[in-house]
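A.B. asks: Residue numbers (the UniProt record's numbering): 1 to 254. Note that beta-carbon positions come from the ideal geometry of N, C-alpha and C, so glycine has one too. I have a structure I would like to understand better, so I am pasting it below and will then ask my questions one at a time.
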């Protein structure tokens, strides 16, 4: 069955060279590859996150939807994209996106064990993210080109992850813990530790989180809105991605 292109003009990203379509888990804007591209050097992942200050988090019901939604977000201005590990066909989606968006940083989120981490790294993921700290992943990736962003909730967890070698830490679930005020409180004893605010964040809250000390903010439903995903409204996802990048541009730094 033929696959639809990512979305209609004016936001349709270009087809792959030769206009070739992908396998059933990819859209026409990306090309299937059978081997993972070489992993980028670590300086690409971490500085890219610190520069963009925004990580778009995508979860989808199938690989085809994931690919098309990812294309929409990347074409809308997103430069750092995380795809949740439980998304069907996630590894093929990663390979296709890395092929067609080489200047973007593509990673895998909700990585819960070392086995999944190895699969994601083999597929070419440039960073991995977890809701907690999986020490085996942290230790395995310390001397590699792949950035690991462990999750932490308490000051003890933040400090433990940092002392174990984490370069940047996801504060999760941030909205339950106090939102922007919690980030501000954590930054008082740990001004040297880069933090990513994740869970319950909105486009309107990006600026406040950054001004309170977050190095970056994870947006999920704010970009990949549930109804838009359900109805495959990729124009809307493109619009929401563009709106989020505009909000980041207006955010100041403490």
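1. Roughly how far, in whole angstroms, is the beta-carbon of residue 241 from the beta-carbon of residue 63, given that I think they are within contact range, below 8 Å?
2. Looking at the strands, I want to know which residues DSSP matches up with residue 109.
3. Count the other C-beta atoms from every protein chain shown that fall within 10 angstroms of the C-beta of residue 226, then say buried if there are 16 or more, exposed otherwise.
4. Give the DSSP-derived three-state secondary structure of residue 28 in the structure shown.
5. In this structure, does DSSP put residue 209 in helix, strand or coil?
6. Could you tell me the boundaries of the beta strand (DSSP E) in which residue 127 lies?
7. When the cut-off is 8 Å and only beta carbons count, does residue 240 lie next to chain D?
8. So, at 6 Å on beta carbons, what are the nonlocal neighbours of residue 57 in its own chain, with the 5 sequence-adjacent residues on each side left out?
9. From what residue to what residue does the alpha helix (DSSP H) around residue 90 run?
10. List, from N- to C-terminal side, the beta strand (DSSP E) runs of 3 residues or more that fit wholly inside the segment 142-224.
11. Could you tell me whether the segment 92-104 touches the segment 235-249, using the rule of 3 or more Cβ pairs below 8 Å?
12. Look at the Cβ atom of residue 50, then the Cβ atom of residue 216, and state whether they are nearer than 8 Å.
13. If we ignore side chains and look at the alpha-carbon of each, how far apart do residue 115 and residue 91 end up?
14. Assuming the contact rule is C-beta atoms closer than 8 Å, residue 139 and residue 107 should be a hit. Round their C-beta distance to whole Å, please.
15. In three-state terms, what does DSSP make of residue 56?
16. Roughly how far, in whole angstroms, is the beta-carbon of residue 149 from the beta-carbon of residue 170, given that I think they are within contact range, below 8 Å?
17. Can you list, in chain order, the residues of its chain with a C-beta nearer than 6 Å to that of residue 132? Leave out the 5 residues immediately preceding and following it.
18. Go to residue 230, then tell me how far its alpha helix (DSSP H) extends in each direction, as first and last residue.
19. List the whole-angstrom C-beta distance separating residue 85 from residue 105, where the pair is believed to meet the contact cut-off of C-beta under 8 Å.
20. State whether the segment 207-214 contacts the segment 168-185, with contact taken as three or more CB pairs (one from each stretch) at a distance under 8 Å.
21. Can you grab the Cα-Cα spacing for the pair residue 68 / residue 156, in whole Å?
22. Using only the alpha-carbon positions, how far apart do residue 46 and residue 147 sit?
23. Relative to the alpha-carbon of residue 204, which residue among 243, 118, 125 and 102 has its alpha-carbon at the smallest distance?
24. Can you tell me whether residue 249 is helix, strand or coil according to DSSP?
25. If you run the structure through DSSP and keep just helix, strand and coil, what is residue 65?
26. Check whether the Cβ atoms of residue 52 and residue 79 sit closer than 8 Å, and answer yes or no.
C.D. replies: This is what the structure gives:
1. With a Cβ gap of about 19 Å, residue 241 and residue 63 do not count as contacting.
2. 84.
3. exposed
4. In this predicted model, residue 28 has a pLDDT of only 43, less than 50, meaning its place in the structure is not dependable; the value taken from the coordinates is given anyway. Coil, per DSSP.
5. helix
6. 127-129
7. Any reference to chain D falls outside this structure, which holds one protein chain only.
8. If we look at residue 57 and ignore the five residues flanking it on each side, its Cβ neighbours are 82, 109, 218 and 220.
9. It spans 90-100 - the alpha helix (DSSP H) in which residue 90 sits, taken as one unbroken run.
10. If we require 3 residues or more, the beta strand (DSSP E) runs fully inside the segment 142-224 come out as 147-149, 169-171, 195-197 and 216-219.
11. no
12. yes
13. 13 Å
14. Contact doesn't hold; Cβ gap of about 19 Å is too wide.
15. strand
16. About 5 Å separates the two Cβ atoms, so the contact holds.
17. 151
18. 226-230
19. That belief does not hold up - the Cβ atoms of residue 85 and residue 105 are roughly 17 Å apart, past 8 Å.
20. yes
21. Going from the Cα of residue 68 to the Cα of residue 156 covers about 40 Å.
22. In this model, residue 46 and residue 147 are separated by some 7 Å (Cα to Cα).
23. Answer by Cα proximity: 243.
24. helix
25. Helix at residue 65.
26. yes
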